[in-house]
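Residue numbering for the sequence shown follows this note's numbering, starting at -19 and increasing by one per position.
By construction, the Cβ of each residue, glycine as well, lies at the ideal position given by its N, Cα and C atoms.
None of the values given here were measured: they were computed from a predicted structure.
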Amino acid sequence: MGTPVEVSKLHFLLFPFMAHGHMIPTLDMAKLFATKGAKSTILTTPLNAKLFFEKPIKSFNQDNPGLEDITIQILNFPCTELGLPDGCENTDFIFSTPDLNVEKAAKLRRKIVHKPQKRVASSSEPFVIPELPGNIVITEEQIIDGDGESDMGKFMTEVRESEVKSSGVVLNSFYELEHDYADFYKSCVQKRAWHIGPLSENQR
-19 MGTPVEVSKL HFLLFPFMAH GHMIPTLDMA KLFATKGAKS TILTTPLNAK
31 LFFEKPIKSF NQDNPGLEDI TIQILNFPCT ELGLPDGCEN TDFIFSTPDL
81 NVEKAAKLRR KIVHKPQKRV ASSSEPFVIP ELPGNIVITE EQIIDGDGES
131 DMGKFMTEVR ESEVKSSGVV LNSFYELEHD YADFYKSCVQ KRAWHIGPLS
181 ENQR
């Protein structure tokens, strides 16, 4: 008889956007993956490791000896070289963050091509975002320029390009909660989406 072949376990490499609303769910996601027999390594910076990951990961690994350990890989973040204050490693250190509202920009970026804001009399006049379920009403003042030459516009262009190249997305939601938007995303983006939420205290 041949020697049994050892099957490699699934290993996730997680690199969250450096903001509270992304790093905390990433930790919860790693814990969820561990309960399913998968290993996770979280890429982060020194300060964010101390603020968000080191203590809860150590506690989780100690409390769950039968599960795959969650590990941290530290990436040095060159704050001063980039013209930022020393230790500025997440968006909470930036006092004004309208151009860093990634979630809002991500939700709007695919519908801005319709430019419904150009059909209203003023920037404060509300209008409905075309085709989006639920009759979402906003004003032009609330729109982030996702297609312009601003830093945010360039960033969102990179986000779109990487999304097109990806195999799909992982969403902190579940189909039964917002099926209209899940179906809309599938038809609009035409990518696979894994709904693994809600990621919450249940994984802590």
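- Annotation: the continuous beta strand (DSSP E) that includes Ser20 extends over Lys19 to Thr24.
- Assignment of beta-bridge partners to His(-9) by DSSP yields Lys19.
- Here the alpha carbon of Glu156 sits roughly 11 Å from the alpha carbon of Asp163.
- Put simply, the backbone Cα of Ile118 is about 41 Å away from that of His(-9).
- Judged by beta-carbon spacing, Glu69 lies within the 8 Å limit of Cys59, meaning their Cβ atoms are closer than that value.
- When C-beta atoms of the region -4 to 11 are compared with those of the region 173 to 181, three or more pairs fall below 8 Å, so the two segments count as touching.
- For Thr24, the number of other beta carbons within 10 angstroms of its own is at least 16, and it is reported as buried.
- Taking 8 Å as the cut-off, the Cβ atoms of Leu55 and Ile22 do not count as close.
- Ranked by Cα distance from Glu105, the first of Gln122, Glu111, Pro113 and Asn115 is Gln122.
- In the structure shown, the three-state DSSP call for Thr6 is helix.
- Taking the CA atoms as reference points, Ile37 sits about 6 Å from Ile50.
- Apart from the 5 residues on each side of it in sequence, Leu151 sits with its Cβ closer than 6 Å to the Cβ of Ala173 and His175 in its chain, given in chain order.
- Measuring C-alpha to C-alpha distances from Ile52 to each of Gly67, Ile109 and Ser20 identifies Ser20 as the nearest.
- Here the alpha carbons of Phe32 and Ser39 stand approximately 12 Å from one another.
- Pairing Ser146 with Thr137, the inter-Cα distance amounts to about 14 Å.
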